[in-house]
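Those protein sequences? They're chains Z, X, E and U, same order as listed.
When you line the first sequence up against my numbering, it's residues 1304 to 1581, in that order.
When you line the second sequence up against my numbering, it's residues 1304 to 1581, in that order.
When you line the third sequence up against my numbering, it's residues 56 to 374, in that order.
When you line the fourth sequence up against my numbering, it's residues 56 to 374, in that order.
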Amino acid sequence: MAWFRKKSKHKGKDEGLDDNLWVVCPDCKTHVHRDEWYAAPKVCPKCVFHERLSARERLDITIDPGTFHEFNQDISTSDPLQFTDGKESYFTKAEAAKGRTGLNEAVVTGSGKIDDQTVTIAVMDFRFLGGSLGSGTGEKILLGADYALRHRRPYIVFSASGGARMHEGIVSLMQMAKTCAGIARLHKAGIPYISVLTDPTTGGVSASFAMAGDIHIAEPRALIGFAGRRVIEQTIRQKLPADFQTAEYLLEHGFIDIIAHRRDMRNTLSRVLRYWKR
Amino acid sequence: MAWFRKKSKHKGKDEGLDDNLWVVCPDCKTHVHRDEWYAAPKVCPKCVFHERLSARERLDITIDPGTFHEFNQDISTSDPLQFTDGKESYFTKAEAAKGRTGLNEAVVTGSGKIDDQTVTIAVMDFRFLGGSLGSGTGEKILLGADYALRHRRPYIVFSASGGARMHEGIVSLMQMAKTCAGIARLHKAGIPYISVLTDPTTGGVSASFAMAGDIHIAEPRALIGFAGRRVIEQTIRQKLPADFQTAEYLLEHGFIDIIAHRRDMRNTLSRVLRYWKR
Amino acid sequence: MDAHQDFDQELKNIEGKIAELTRLSADDSVQFGTEIAQLEKKKADLEKTLYASLSAWQTVQIARHPQRPLLRDYIENIFSEFIELHGDRRFGDDHGLIGGFATIGDRRAVLIGHQKGRTVEDNVKMNFGMASPDGYRKALRIMKLAEKYRLPVISFIDTPGAYPGLDAEARGQAEAIATNLAAMALLEVPMLVIVSGEGGSGGALGIGMGDTVMMLSYAVYSVISPEGCASILWRDGAKAPEAADALKITAESLKKLGVVDEIIPEPLGGAHRDPRQTMENVKTALLKGLKKHARFSPKKLVETRYEKYADIGRWKNWW
Amino acid sequence: MDAHQDFDQELKNIEGKIAELTRLSADDSVQFGTEIAQLEKKKADLEKTLYASLSAWQTVQIARHPQRPLLRDYIENIFSEFIELHGDRRFGDDHGLIGGFATIGDRRAVLIGHQKGRTVEDNVKMNFGMASPDGYRKALRIMKLAEKYRLPVISFIDTPGAYPGLDAEARGQAEAIATNLAAMALLEVPMLVIVSGEGGSGGALGIGMGDTVMMLSYAVYSVISPEGCASILWRDGAKAPEAADALKITAESLKKLGVVDEIIPEPLGGAHRDPRQTMENVKTALLKGLKKHARFSPKKLVETRYEKYADIGRWKNWW
Ligand SMILES: [Zn+2]
Ligand SMILES: [Zn+2]
């Protein structure tokens, strides 16, 4: 839920451009030729920094061309609390997000093929209100699970979220329960559910569908955790380890199965999917 | 498996007697009136030291009088390896144990009532070759589970064992798998399985049926652990905490549900049993 | 954190006076019957004024009131038996989230819930009711035991949130809560949830997916603490009252939002003003809930629970 | 611990000479064909003498031989794909017990197994193949995943035993192994076990309940290490050879005892003398086992496995 104040290294695709030929890595400041940068895509060849991707960019590098069919594109934000923080209403904020991103919600869902294997897929988009879990987000993720269940297709969810969407209050919190109920049905029915955790996957999203997978795949150096770093430091009054809440830290502590470089992600998914005997 | 060399505080029932009226607590050396000592029974009122009980003594204070029916009393030790340690054969050792204890194996099993609730019960006897898990022991425990399953009766096992019986080699080790297979069936069928861990429950017995209960009840200060203290100290080259591998230590670390004083044990079992809706 | 006293300080003064006069009246030499009656009247009027239209923030103060009944009070007063079970069989035994077999009226059940302390010492032990992964895993183990023994689960929620500590993160706070959510969705026994005090975000929900979710009338339940929300959205923690209001965290708001099924009434001013009556109300509600859900087959229970949660925030509901 | 060299030192000397003569022969100026042939003959005779009737203790040395193929060698050589999965989702990722998806021939499976290291550095990381509770819990998670994906499980056993450490005890080594035993008994997919090196007591069995248990011909499997047994029963660790013999820990003895279903042949002298042939033998045995068990329904598998284990040490079997 801390996506508003977060001083992010991710500065958007244009700011990193030095001139038209070079991209400056937002993390290590290395100059990377733009062809190399976008081929990776958006991964620094030197420090393996993985710049965030939009949902469309992610789908482009994951799903076989021409096979993606989007679900429920019309599902959008709801404002159950008629929320306003005094300066700005949630409604206004959401409208702005829609205009900026061309999306109606923080997740894009649909059906498509990965290396010729049909899957149901949901990809979160951090640009849309920090990828927060609103009722529309939860609804789309649940409907995806539901589709995967009915058609007996593996379900793959790419997470990228600061957590719950506090403007939707308790209704947002309940999306944790709602999405997990959908995932639980997949587990019971023996349908693969693969969770891919990308930077960042925190708060209520980490504590629901993102951490309930058969297999947890993370991108290198992705921030993954429940509580915010600052809250923890205030609570325990001590400094946290440098790699705290990184994908690598979670791998070491037993919560991530595989860390896959972005260029290997599609192939990793494809290989894993072949182990399911439908 | 270390029961041979163990310098035990448990010195047998007569050594602790000062004269006919007083018992000296083997641990804190308090003089306890023999009526109080045997009424507890065999618990020091000062330091709560629980002297080990024989299987018969345990059954006497656990099962409603006149309701116990023993199973498979004839099952005895087997000698699959024709084992001898050079000085003495396992056969001789086992015969001696039988003579000394009046038992044919390290466990007594049967059916009986606890506070009017019919249960299947197995009680290990540490005096019989250190309560070690031989093929006869495993067989009786499995047959108990089998009976509990067929008659849909809760199964209660009191453990007291140094671990596997090395004189039966691999056949002893396999009793861990065998007994757990029986327990697994109870879990699947929704039949309660309550494990009561008494001093000592270590090695292969701790790593099989004793730690596979719905509910784990321990006697105070009982030694419970997998590896022997000396082996661990040699491995890690550091001193172990004083309370290491006690019931209290295991409670703190999440492996024991309830520590029940011997005088409360029967009542605790009775109360717990009433929660099962058959 | 003594805000709870700010708005009912006057009431406390009057109550103090009544107590004093009553004490003086007891030795027979002087009688203050009239004065007492006047004060009682004044108190009743004031209560109505004070509590008739509490702000959300004032409700938060009541929900956090140091004298508010805690889980242990409910256990002692409305359950005739509680056999506590310990440990997650993995790592430890969380004292801030407890569970065990429990009997209420003529019904046997499994009880789980957050356990706050009242003393500083207790609160250190119980971590102010902020559970660790070990707590959520213990709760899960006990829920699965309930399933095996075919007992309904009663879950009491009263937590500021899951513990935000280094160890809790390292041992998988997120995974523990996520796993519980998936497991509760499939639990084949009735699950009754009572938000009895603070319902703090994922830490509350981690044991809180119920067939019936009940809430005490002065309890609160929120996706984030009002302070946290204020410091993020208003960039000023002092705006907590505004945030509390905006977040719609009171029982009545939550019932309208379809997240709470039933409100259990508290005495005017809060449970701490008449704990016994409050606990009686909870007992009645629980017995009613247990009776109601005992009728359903496991299959029906799980299906209904799924539909219930799938329905929260259904897109068309708001349009 | 160089006892393995004691009894085949002579063989090594001859092999050294053969290699040297072969090298010298390579430059054409001198030829040692006759000498080499003689040495080869001498070597073959010696091998027969040495390995024809190995003592149990000598077999232990072979099973622990530093050049003996390790799990990683099998993975690299007989599996066409291995996707390692990490972590127990509770506490950590044990490097001494690994697992993941694996393909062998045309069969997909899940592979778990103890992972020893060959270098000091690796062995520190992998704790000499002595797994912690985290390892057993990871293995269990992966076995349950196999069940969900309907894949057979292949388990490689090569461990001195479960790790006897303070942390391992504190996190429940006993509970972890016990839970695995109960879970393996009900696992609804085929489970093939291969004792490839050292089968060390509960640490081995913790991933070792199989529908078919196979054992390499020079592997050992025992309830306790010969050294441990000797120091307890003989009160002298140096009596390990006697203990090894008494414990009946070789493949042949174990097959007679009904604990091992199948012996996979190794080249004379041990797997390290021809790793490639050994691994081929293992591959053949695995493919045969996978084919055989693929026929059975989950129900049938579980029933047969139960009967199999219930039968080990059946009282009447010995009488
Ligand atoms: Zn960089
Ligand atoms: Zn004493």
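Think of the CB as a built atom: it goes at the ideal place given N, C-alpha and C, for glycine as much as any other residue.
Since the structure is predicted, the reported quantities are computational estimates derived from the model, not experimental observations.
For chain E, check one thing: does any of its Cβ atoms lie closer than 9 Å to the Cβ of residue i?
i, result
"V1575(X)", "yes"
"R196(U)", "no"
"F1394(Z)", "no"
Can you confirm whether residue i, when its beta carbon is compared against all beta carbons of chain X, has any partner nearer than 9 Å?
i, result
"W289(U)", "yes"
"P3(U)", "In the structure as shown, chain U begins at 56 and stops at 374. Residue 3(U) is therefore absent and cannot be evaluated."
"W370(U)", "yes"
"Y204(E)", "yes"
"T234(U)", "yes"
"V165(E)", "yes"
"D100(E)", "no"
"R360(U)", "yes"
"G168(E)", "no"
Here's a check: name, in chain order, each residue in its chain whose Cβ is nearer than 6 Å to the Cβ of residue i, leaving out the five neighbours to either side.
i, result
"M264(U)", "M239"
"S187(U)", "D149, Y218 and A223"
"N68(U)", "none"
"A1425(Z)", "V1410, T1412, I1444, G1447 and V1460"
"L1572(Z)", "I1417"
Excluding five sequence neighbours on each side, which residues of the same chain lie with their C-beta closer than 8 Å to the C-beta of residue i?
i, result
"W370(E)", "none"
"G220(U)", "S187"
When the cut-off is 9 Å and only beta carbons count, does residue i lie next to chain U?
i, result
"L1526(Z)", "no"
"V243(E)", "Looking at the sequence shown, residue 243(E) is not Val but Glu. So no, E243(E) is outside the interface."
"E1555(Z)", "yes"
"K363(E)", "no"
"S1311(X)", "Bear in mind that a pLDDT of 48 at S1311(X), under 50, signals an unreliable position, so the model cannot answer this."
"R173(E)", "no"
Would you check whether ligand 2 has a heavy atom nearer than 8 Å to the C-beta of residue i?
i, result
"K294(U)", "no"
"K1349(X)", "yes"
"T1549(X)", "no"
"F1352(X)", "yes"
"T1412(X)", "no"
Please confirm whether any heavy atom of ligand 1 lies closer than 8 Å to the CB of residue i.
i, result
"D1330(Z)", "yes"
"T1333(Z)", "yes"
I need the boundaries of the alpha helix (DSSP H) containing residue i, first residue and last residue.
i, result
"I117(E)", "A111 to A118"
"T1440(X)", "S1438 to H1454"
Can a CB atom of chain Z be found closer than 9 Å to the CB of residue i?
i, result
"R226(U)", "no"
"S277(E)", "yes"
"V179(U)", "no"
Nearer than 8 Å: is that true of the beta carbon of residue i relative to any heavy atom of ligand 3?
i, result
"F1429(X)", "With respect to ligand 3, the structure offers nothing, as its ligand set consists of ligand 1 and ligand 2."
Between which two residues does the beta strand (DSSP E) harbouring residue i extend?
i, result
"M1427(Z)", "Q1420 to M1427"
"F1461(X)", "Y1458 to S1464"
"H1470(X)", "Unbroken run through H1470(X): none, as it is neither H nor E."
"L267(E)", "The displayed chain sequence assigns Thr, not Leu, to residue 267(E). First-last of the beta strand (DSSP E) with T267(E): T267 to L271."
"I318(U)", "E317 to I319"
Based on the DSSP output, what are the partners of residue i in its beta bridges?
i, result
"Y106(U)", "BP columns for Y106(U) are empty, so no partner."
"A1521(X)", "L1500(X) and I1562(X)"
"S277(U)", "G255(U)"
"E1373(X)", "G1413(X)"
"M136(E)", "Note that residue 136(E) is Glu in the sequence shown here, rather than Met. BP columns for E136(E) point to T158(E)."
Kindly list the residues whose CB is nearer than 7 Å to the CB of residue i, restricted to its own chain and excluding five residues on each side of it in sequence; keep chain order.
i, result
"L79(U)", "V85 and F87"
"I1486(X)", "A1448, Y1496, F1512 and A1515"
"P1348(X)", "V1335 and E1339"
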